[in-house]
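Some notes on the structure that comes next.
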Amino acid sequence: METVKYLLNEDRMPTSWYNIAADLPAPPPAVLHPGTKQPIGPDDLAPLFPMGLIMQEVSSEREIEIPDEVQSIYRQWRPSPLYRARRLEQALDTPAKIYYKYEGVSPAGSHKPNTAVAQAYYNKQEGVKRLVTETGAGQWGSSLAFAGALFGLEVLVYMVKVSYNQKPYRRALMEAYGARVVASPSTETNAGRAILAEHPDSTGSLGIAISEAVEIAAQDPDARYALGSVLNHVLLHQTVIGLESLAQLEMAGDYPDIIVGCTGGGSNFAGIAFPFIGAKLRGERDVRVVAVEPAACPSLTRGQYAYDFGDTAGMTPLVKMHTLGHGFVPSGIHAGGLRYHGMAPMVSHLLQLGQFEATNVQQLETFTAGLTFARAEGILPAPEANHAVAGAINEALRCKEAGEAKTILFNLCGHGHFDLQAYTDFQAGKLKDFEYSAEEVAMALAGLPS
Ligand SMILES: Cc1ncc(COP(=O)(O)O)c(C=O)c1O
1 METVKYLLNE
11 DRMPTSWYNI
21 AADLPAPPPA
31 VLHPGTKQPI
41 GPDDLAPLFP
51 MGLIMQEVSS
61 EREIEIPDEV
71 QSIYRQWRPS
81 PLYRARRLEQ
91 ALDTPAKIYY
101 KYEGVSPAGS
111 HKPNTAVAQA
121 YYNKQEGVKR
131 LVTETGAGQW
141 GSSLAFAGAL
151 FGLEVLVYMV
161 KVSYNQKPYR
171 RALMEAYGAR
181 VVASPSTETN
191 AGRAILAEHP
201 DSTGSLGIAI
211 SEAVEIAAQD
221 PDARYALGSV
231 LNHVLLHQTV
241 IGLESLAQLE
251 MAGDYPDIIV
261 GCTGGGSNFA
271 GIAFPFIGAK
281 LRGERDVRVV
291 AVEPAACPSL
301 TRGQYAYDFG
311 DTAGMTPLVK
321 MHTLGHGFVP
331 SGIHAGGLRY
341 HGMAPMVSHL
351 LQLGQFEATN
361 VQQLETFTAG
371 LTFARAEGIL
381 PAPEANHAVA
391 GAINEALRCK
401 EAGEAKTILF
411 NLCGHGHFDL
421 QAYTDFQAGK
431 LKDFEYSAEE
441 VAMALAGLPS
């Protein structure tokens, strides 16, 4: 019998997250205060985040215990399955072995609840009443809305306007969990009003929605801000994905030669890849790791490695990262979760250290890959996940050309059940590729803080 799913029992779910900071040959550059430009300390972040998360942000402990209550909620859907994509392998006629870790089994349909539940837990512990956040495609917003419902926290979500209009059922899901959802840019904040005054038709961006959420959270002593990607603690929480994959591949008697993940802010990529990159850094096992991003928002492949703000209005601390400039507003591609001008500082640092390679793909190629995958494996991927699918298919086809039976692992970070309009439009020939506008990016990069 050929095994298709490698399943771990609940008692084999990881009890600690993996912190890659412990294995780095050099620490990442300091985070700077936006006003003084001096390195910040934990207290500077206290108006925005609970101390439990801030201490994880700066920790260099290799293993950080997952609180029992978080583990108990994780068990609603974790451990998630690892699939061997036997039917995709056949369809591609490749000698490669393809595995995918499927995070679409979570209640919100993606990897995002792995950190939403942890963030809600630490906020609740410290008496916070309300969480304010941004969301692109709505995956993160639904995840925080779900986590807020479990912990009795109010959730307010600024949703990027283009996605608010493209994905009304994501909004409905957030509201079903009890959250309030506002299209961003909105007239509720100074940041939103300033953008609308200059660009009344703005379709929004993650950077703008972050500015709105940070502004509201900073004014309300009972509220804190929650971010769905980019920060060290978010990447940390996602490492359950890679830790489970390690155990599941062991069940399969395999180890990846190549790992592929899509990158928006870097969290699902970090989740699957960091435990393996850690083994590489410790000199235990080698692996090639590939990050795939949209050609319309290519921060890793065409951005600059520089200090920049995490949001458009310049309210967040300055972090050194691969960035297209905080003023960059990406085109309205359907992979809303990948429309972010920057990249996680930890992921950026590892790229500088040569620990992985980055590539970009156009929107139409990603949807073609998604349909090839769905027609072989049955699961319809989220548009973001289609970037990883396209990357994995390209690697498998390279193996076919070279006649190499490599083992490929990729993160199928979410399903596309709320993205059916995008698939309908793709099949009707209505989607297009977006040329990366060099002039626009040059303008945005010119606005980098000196
Ligand atoms: C399904 C899915 N994949 C990927 C991403 C990108 O985020 P990250 O790079 O942090 O995983 C998002 C973000 O919303 C998402 O919803």
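The sequence shown begins at 1 in UniProt numbering and counts up one residue at a time.
Note that the Cβ used here is the ideal one computed from N, Cα and C, for glycine as well.
Closer than 7 Å: residue i CB and nearest ligand 1 heavy atom
i: residue 263; result: yes
i: residue 384; result: yes
i: residue 337; result: yes
i: residue 140; result: yes
i: residue 267; result: yes
i: residue 161; result: no
i: residue 137; result: yes
i: residue 297; result: no
i: residue 303; result: no
i: residue 112; result: yes
i: residue 348; result: no
i: residue 205; result: no
i: residue 451; result: The shown model of the chain, from 1 to 450, leaves out residue 451, and the question about it has no answer.
i: residue 413; result: yes
Simplified DSSP state of residue i, which is helix, strand or coil
i: residue 329; result: coil
i: residue 453; result: Only positions 1 to 450 of the chain appear in the structure, and residue 453 is not among them; the question remains open.
i: residue 410; result: strand
i: residue 133; result: strand
i: residue 297; result: coil
i: residue 404; result: coil
i: residue 72; result: helix
i: residue 30; result: coil
i: residue 251; result: helix
i: residue 63; result: strand
i: residue 5; result: strand
i: residue 246; result: helix
i: residue 40; result: coil
i: residue 285; result: coil
i: residue 53; result: helix
i: residue 261; result: strand
i: residue 13; result: coil
Supposed close pair residue i, residue j - CB separation, criterion 8 Å
i: residue 234; j: residue 388; result: Not really, about 18 Å apart at Cβ, beyond 8 Å.
i: residue 275; j: residue 242; result: 4 Å
i: residue 141; j: residue 120; result: The pair is not a contact, with the Cβ atoms about 13 Å apart (cut-off 8 Å).
i: residue 160; j: residue 209; result: 5 Å
i: residue 177; j: residue 117; result: Their Cβ separation, rounded to whole angstroms, is 13 Å, which puts residue 177 and residue 117 out of contact at 8 Å.
i: residue 373; j: residue 82; result: At roughly 16 Å, the Cβ-Cβ gap does not stay under 8 Å, so residue 373 and residue 82 are not in contact.
i: residue 179; j: residue 145; result: 4 Å
i: residue 239; j: residue 347; result: With a Cβ gap of about 13 Å, residue 239 and residue 347 do not count as contacting.
Any non-hydrogen atom of ligand 2 closer than 7 Å to residue i Cβ
i: residue 249; result: The model depicted lacks ligand 2 and carries ligand 1 instead.
To test your reading of the DSSP string, which unbroken beta strand (DSSP E) runs of 3 or more residues are found completely within the region 194-243? If we require 3 residues or more, the beta strand (DSSP E) runs fully inside the region 194-243 come out as 223-225.
Within 8 Å, do at least three Cβ pairs link the region 61-77 to the region 201-217? no
What ranges does the beta strand (DSSP E) occupy inside the region 303-386, keeping only unbroken runs of at least 3 residues that lie completely in it? 304-309, 318-323 and 357-361
How about the region 323-339 and the region 131-141: do they share at least three Cβ pairs that are nearer than 8 Å? Taking 8 Å as the limit for Cβ pairs, the verdict is that the region 131-141 does touch the region 323-339.
Check whether the region 281-300 and the region 350-363 are in contact - that is, three or more C-beta pairs closer than 8 Å. yes
Could you tell me whether the region 224-238 touches the region 44-60, using the rule of 3 or more Cβ pairs below 8 Å? Touching, yes, given that three or more Cβ pairs across the two stretches are closer than 8 Å.
Does the region 359-371 come within contact of the region 188-206, defined as at least 3 CB pairs closer than 8 Å? no
Taking the runs of the alpha helix (DSSP H) that are 4 residues or longer, which of them lie wholly in the region 83-136? 86-92 and 113-125
Whether or not the region 386-401 and the region 303-314 are in contact is what I'm after, with contact meaning three or more pairs of Cβ atoms, one per stretch, closer than 8 Å; do they touch? Counting Cβ pairs under 8 Å, fewer than three are found: no touch.
With three or more C-beta pairs closer than 8 Å as the rule, is the region 26-45 touching the region 250-267? Touching, no, given that fewer than three Cβ pairs across the two stretches are closer than 8 Å.
Pairing CB atoms from the region 321-332 with CB atoms from the region 436-446, are three or more of them under 8 Å? yes
Would you call the region 410-420 in contact with the region 99-113, where contact means no fewer than 3 C-beta pairs closer than 8 Å? yes
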